[in-house]
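**Q** Reading the sequence shown from the start, the letters are residues 24 to 411 in the working numbering.
Sharing a structure here in structure tokens format.
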Amino acid sequence: MRATIFSFIGLSLFFLSGCGSDDVDAQKTEPSMEELGLEPGAWTKVELPGTVCANGSQYKFFVNPSLVGSKDVLFMFEPGGACWDYDSCAGKTGLGASNTEGITDGHILGWQLVFPFLRRADETNHFRDWNYVYLPYCTGDVHIGNTVRTYVDPLGKDPDLEFHHNGYKNMVAAAEYTATIFKNTSRLVVGGCSAGGAGSIAGHWFVRNALAPERAYLIDDSGPLFPGSVHSKPLYDTIRQAWDLDSVFETVPVAYDSNDMGGVILKLSELLPKDRLAVTYFLRDHTFSSYSYRRFFPELSDEERLVLWKEDSDLLTAAFDKHDNLAYYLPYWRDRADSHCTIVLDYDGTEIQEAGVDLSDFIDNVLDDASPLQSFRESPQSGEDGTP
């Protein structure tokens, strides 16, 4: 892996107006990946001014250009929990955020093995020939926070914690940089799992706006936002204040309802009617349901939290079914990682046997512009996950 530190490259090349030959000449003058310091098929570290992790250290993300000169871009957000007060951001609750002390230069080397999307040697990978942009996660705010908080120990024992919820600025800077190196993007997929999945919904418009692709898709894995949810509203209200989310979503050119953060996906659907927007997660996801409800309903058992998760899923599927450009893929359970994240390691266990499909089939459909989007929700499977 070449680890080259970049300053921001600047604005895209201006193209001469007029006859087509001018456009051709402009295309010929575009620098190659090598001239930009990027090696096709290899990961390169990028550092940009004004981008930081939670502790104020330099933020780093990674770029891997296509080996075949593709105009398609996969923009991936990393998972890693979330935090919104002293106890969670200091790692004292069991539910916290990852990498808050910064990103190492070799961070990508482990993560490239986690996601099938990033495996160029895998002939079954839908994205093997695409350009990759990978955003690590170190700000505790599902890649969308826009503030600096000083969290105070409620017990008065430990020092105050200054915490940079800088995910929004990091994401926008990375997207604008990406637009300078991968010009004339044909297809753009914005995706991620868990916190990265929620980040992909929250960041989709901003990434899309920067790259201006011909076609755009969202694959949010295990980071759903539930429209109209009463159960998730305490979480949404908490992070809205802690991360100053109003300052972010009010910049999107569509009416933002601060009382229904779960409705962001529906607003995206209205704003971008030609984009194909998909959500996938397990109906027995113990991890994201814990982040959604445990701090706010501490009296509930794990099974009782999953009841809330089901009811929120009912809201999501009912809302999605009213929009042609929204789709969901909800298998019941997988014997791995508490049924959290469908796109990690492999697609084993993502089958919905009653429909004869697995996650790979669903992704095929999402990327197939000629076919209507299809949604799938598996029925409860008796005996799985210890259920009767």
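Just so it is clear, CB atoms sit at the ideal spot from N, CA and C, and this is done for glycine as well.
All figures in this text were calculated on a predicted structure; none of them were measured in a lab.
Less than 9 Å between the C-beta atoms of A77 and A120, yes or no?
**A** Indexing the sequence shown from 1 puts residue 77 at position 54. Indexing the sequence shown from 1 puts residue 120 at position 97. A contact, by the Cβ cut-off of 9 Å.
**Q** Whose C-beta lies closer than 7 Å to the C-beta of S292 among residues of the same chain, with five residues either side of it excluded?
**A** Walking along the sequence shown from the start, residue 292 turns up at place 269. Excluding five sequence positions before and after S292, the CB atoms of its chain that fall closer than 7 Å to its own CB belong to L300, H346, N348 and L349, given in chain order.
**Q** Using only CA atoms, which one of W153, D181 and H149 lies nearest to D369?
**A** Numbered from 1 along the sequence shown, position 346 holds the residue referred to as residue 369. The residue among W153, D181 and H149 with its C-alpha nearest the C-alpha of D369 is H149.
**Q** For S394, count neighbouring C-beta atoms within 10 Å of its own C-beta (all shown protein chains included) and say buried if the count is 16 or more, exposed if not.
**A** For the purposes of this step, residue 394 is identified with residue 371 of the sequence shown, where counting begins at 1. Taking all protein chains shown into account, S394 has fewer than 16 neighbouring C-beta atoms within 10 Å of its C-beta and is therefore exposed.
**Q** For F343, report the span of its alpha helix (DSSP H) as first-last.
**A** For the purposes of this step, residue 343 is taken as residue 320 along the sequence shown, with counting starting at 1. Segment D325 to F343, the alpha helix (DSSP H) holding F343.
**Q** Could you please give me the residues that DSSP links to T87 through a beta bridge?
**A** Position 64 of the sequence shown holds residue 87. Reading off the sequence shown, one finds Asn at residue 87, where the question assumed Thr. Note: N87 sits in a beta bridge opposite Y155.
**Q** Looking at F229: is its Cβ nearer than 9 Å to the Cβ of A198?
**A** Counting from 1 along the sequence shown, the entry for residue 229 is found at position 206. Counting from 1 along the sequence shown, the entry for residue 198 is found at position 175. Yes, these two residues count as a Cβ contact at 9 Å.
**Q** From the DSSP output, in three-state form, read off Q264 for me.
**A** To locate residue 264, count along the sequence shown from 1; it is residue 241. Here Q264 sits in helix by DSSP.
**Q** Alpha carbon to alpha carbon, how far is P182 from S398? Give it in angstroms, no decimals.
**A** Here residue 398 corresponds to residue number 375 of the sequence shown, with the count starting at 1. Here residue 182 corresponds to residue number 159 of the sequence shown, with the count starting at 1. For S398 and P182, the distance between alpha carbons rounds to 49 Å.
**Q** Identify, in the order they occur along the chain, each residue of the same chain with its Cβ nearer than 6 Å to the Cβ of W332, setting aside the five sequence neighbours on each side.
**A** The count along the sequence shown starts at 1 and reaches residue 332 at position 309. Excluding positions up to five away in sequence, the list reads S312.
**Q** Using a Cβ-Cβ cutoff of less than 8 Å, which residues in the same chain neighbour P250 once the five nearest sequence positions on both sides are dropped?
**A** Counted from its first residue, the sequence shown places residue 250 at position 227. Excluding residues within five positions, the ones whose Cβ falls inside 8 Å are D283, G285, G286, I288, L289, L338, L339 and A342.
**Q** Does the distance from the C-beta atom of F319 to that of P247 stay below 9 Å?
**A** As a position in the sequence shown, residue 319 is number 296, starting the count at 1. As a position in the sequence shown, residue 247 is number 224, starting the count at 1. No, Cβ-Cβ distance for F319 and P247 is not below 9 Å.
**Q** Under a Cβ-count criterion, where at least 16 other Cβ atoms within 10 Å of its own Cβ denotes burial, should P177 be classed as buried or exposed?
**A** Counted from its first residue, the sequence shown places residue 177 at position 154. Exposed, since its Cβ has fewer than 16 Cβ neighbours within 10 Å.
**Q** Round the Cβ separation of P63 and P88 to the nearest angstrom and send it over; I've been treating them as touching at under 8 Å.
**A** As a working note, residue 63 is residue 40 in the sequence shown. As a working note, residue 88 is residue 65 in the sequence shown. Sure, about 5 Å apart at Cβ, within 8 Å.
**Q** Just to confirm my understanding: we take G220, look at its own chain, exclude 5 residues before and 5 after, and list those with CB closer than 7 Å. What are they?
**A** Along the sequence shown, read from residue 1 onward, the residue named residue 220 stands at position 197. So the qualifying residues of the chain are D243, D244, S245 and G246.
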